[in-house]
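Novice: My questions will all concern the structure given below.
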Amino acid sequence: MQATAFAALTIAASGAAQAQTKTLYVGMNGGNFEKTFTQHVFPDFEKANDVKVVVVPGTSSDILAKATAAKSNPQMHVMFLDDGVMIRAIGAGLCEKIKDTPALADLAPGARLKDDMAIGIDLGMTGLAYNKKMFEEKGWAPPTSWMDLADPKYKGKVVFQSAAASSFGLHAFLMFNRIQGGNEKNVEPGFSKFKDTIGPNVLEYIPSSAKISEMVQTGEAAIFPLTPTAVSAHQEKSIPVEYAQPKEGSVILMVTECVIANNSEPELAQKLAAYLLSPEAQTKALQHGNIVPSNVNAKAPTPEAEAKLKKFHEYMKTAVTLDWDTINEKRPEWNSRWNKTIER
1 MQATAFAALT IAASGAAQAQ TKTLYVGMNG GNFEKTFTQH VFPDFEKAND VKVVVVPGTS
61 SDILAKATAA KSNPQMHVMF LDDGVMIRAI GAGLCEKIKD TPALADLAPG ARLKDDMAIG
121 IDLGMTGLAY NKKMFEEKGW APPTSWMDLA DPKYKGKVVF QSAAASSFGL HAFLMFNRIQ
181 GGNEKNVEPG FSKFKDTIGP NVLEYIPSSA KISEMVQTGE AAIFPLTPTA VSAHQEKSIP
241 VEYAQPKEGS VILMVTECVI ANNSEPELAQ KLAAYLLSPE AQTKALQHGN IVPSNVNAKA
301 PTPEAEAKLK KFHEYMKTAV TLDWDTINEK RPEWNSRWNK TIER
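The opening position of the sequence shown corresponds to residue 1 in UniProt numbering, with each subsequent residue numbered one higher.
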């Protein structure tokens, strides 16, 4: 009888302890992101704060839709979104300002968005990549400019992601537009000149970058927009791809975090957001998931990785930030025009 009573007390105590453990829900991309943060980044925070962090997986658009639907009664506490999508979230009033911490002073240029309403935790940029094997065989020098996509020697060898479907393609088109004298508020130069410059060189417009590895290996693709991170992933699979930073600058492409406005655990959510910007958390994300840190004090696991990270931060110094407010407003119109006049 005493044993039964003791067991009942033990179960009750255990239930009470579990009841005290709070849960934070974080919306983020599945796959590598979810695995890296769940297994390697969140555990230290969970232990230190007696909290459970649960990932709500999905694309940036999925997470934004969930946050929008629950705006009056948020079900998530923190969300990770691609930078362009995050600007929409901020404009919709879904984010609250991330509180100032010492880590904010150690962030790479361009990582802080809209008065710290969101901050980059995974740095990226769209520049140019090229088929190193083909370039060496042809005796071609590495590309140095976005306008190299229009060089006649690459006729039928340029692979271009659809600007209507891919951030990479949109970035490349908007940089071409800037070089032609336009900006995000005026895309006429880009649309009027693309067909007669880059257009004749394009072998195929692809909806995403998934086909690039195959097209490099078959010798179809010579040059294409891509990120240094994607280039590294190809190199790890022994695919002969190299990155080139255009002299006009690459385009910043970040995964950013924001604390969801009016969430049920504002202090804990802010504490988690601050932790994720710390060198400790970002070192783990880099080591276990190849997630490029925004905190310049994060450490790479090897001298080779450290050299690559240093070069990456050099690229960030000339990277361009696009006018996402205008892009988000005009994107449907641009998509329709792109599909009708460029990719038809």
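The beta carbon of each residue, even a glycine, is placed where N, CA and C say it ideally should be. Here the structure is a predicted model, which is why all the values come from computation and not from measurement.
Do the CB positions of Ala83 and Leu123 come within less than 8 Å of each other?
Specialist: Translated into positions along the sequence shown, residue 83 becomes position 83. Translated into positions along the sequence shown, residue 123 becomes position 123. Correcting the residue type first, residue 83 is Asp in the shown sequence and not Ala. No; because the gap between Cβ atoms is not below 8 Å, this pair is not in contact.
Novice: Gly120 to Ser145, Cα distance in whole Å?
Specialist: Residue numbering aside, residue 120 sits at position 120 when the sequence shown is read from its first letter. Residue numbering aside, residue 145 sits at position 145 when the sequence shown is read from its first letter. The alpha-carbon atoms of Gly120 and Ser145 are separated by roughly 26 Å.
Novice: Go ahead and label Gly249 buried or exposed: buried means 16 or more other beta carbons lie within 10 angstroms of its beta carbon, across all protein chains shown.
Specialist: By 1-based counting over the sequence shown, the position of residue 249 is 249. Buried, by the Cβ-count rule.
Novice: Can you tell which of Ser294, Pro301, Leu276, Val296 has its C-alpha closest to the C-alpha of His288?
Specialist: Stepping through the sequence shown from its first residue, residue 288 is reached at position 288. Nearest of Ser294, Pro301, Leu276, Val296 to His288, Cα basis: Pro301.
Novice: Select from Asp116, Leu107, Thr21, Ala103 the residue whose C-alpha is nearest the C-alpha of Glu96.
Specialist: Walking along the sequence shown from the start, residue 96 turns up at place 96. Residue Asp116 holds the alpha-carbon nearest to the alpha-carbon of Glu96 among Asp116, Leu107, Thr21, Ala103.
Novice: Please work out which residues of its chain come closer than 7 Å, Cβ to Cβ, to Leu170, disregarding the five sequence neighbours upstream and downstream, and give them in chain order.
Specialist: For the purposes of this step, residue 170 is taken as the residue at position 170 of the sequence shown. Exclusion of the five residues before and after Leu170 leaves Ala163 as the residues of its chain whose Cβ lies within less than 7 Å of its Cβ.
Novice: Could you have a look at Gln161 and say whether DSSP puts it in helix, strand or coil?
Specialist: For the purposes of this step, residue 161 is identified with residue 161 of the sequence shown, where counting begins at 1. If DSSP states are grouped into helix, strand and coil, Gln161 belongs with the strands.
Novice: Take Asn32 and list the residues in its own chain whose beta-carbon comes closer than 7 Å to its own, dropping the five residues that flank it on each side.
Specialist: Stepping through the sequence shown from its first residue, residue 32 is reached at position 32. Once the five neighbours on either side are set aside, the close Cβ partners of Asn32 are Gly289.
Novice: In three-state terms, what does DSSP make of Asn32?
Specialist: Within the sequence shown, residue 32 is the residue found at index 32, counting from 1. If DSSP states are grouped into helix, strand and coil, Asn32 belongs with the helices.
Novice: Are Leu174 and Ile223 close, meaning C-beta to C-beta below 8 Å?
Specialist: To locate residue 174, count along the sequence shown from 1; it is residue 174. To locate residue 223, count along the sequence shown from 1; it is residue 223. It is not a contact, given that the beta carbons lie outside the stated cut-off.
Novice: If you follow the beta strand (DSSP E) that Glu248 is part of, which residue opens it and which one closes it?
Specialist: Locating residue 248 in the sequence shown gives position 248, where the first residue counts as 1. Counting along the chain, Glu248 falls outside any beta strand (DSSP E), and DSSP gives it neither H nor E.
Novice: Could you check if Gln161 is buried or exposed, using at least 16 other CB atoms within 10 Å of its CB as the buried criterion?
Specialist: The residue you call residue 161 lines up with position 161 of the sequence shown. Per the 10 Å Cβ criterion, buried.
Novice: Name, in chain order, the residues that DSSP records as bridge partners for Thr122.
Specialist: Counting from one through the sequence shown, the residue named residue 122 turns up at place 122. The identity of residue 122 in the sequence shown is Asp, whereas the question assumes Thr. Answer is Val255, bridged to Asp122.
Novice: Which partner residues of Ile223 appear in the DSSP bridge assignment?
Specialist: Mapped onto the sequence shown, residue 223 falls at position 223. The partner list for Ile223 (beta bridge, DSSP) reads Tyr130, Val158.
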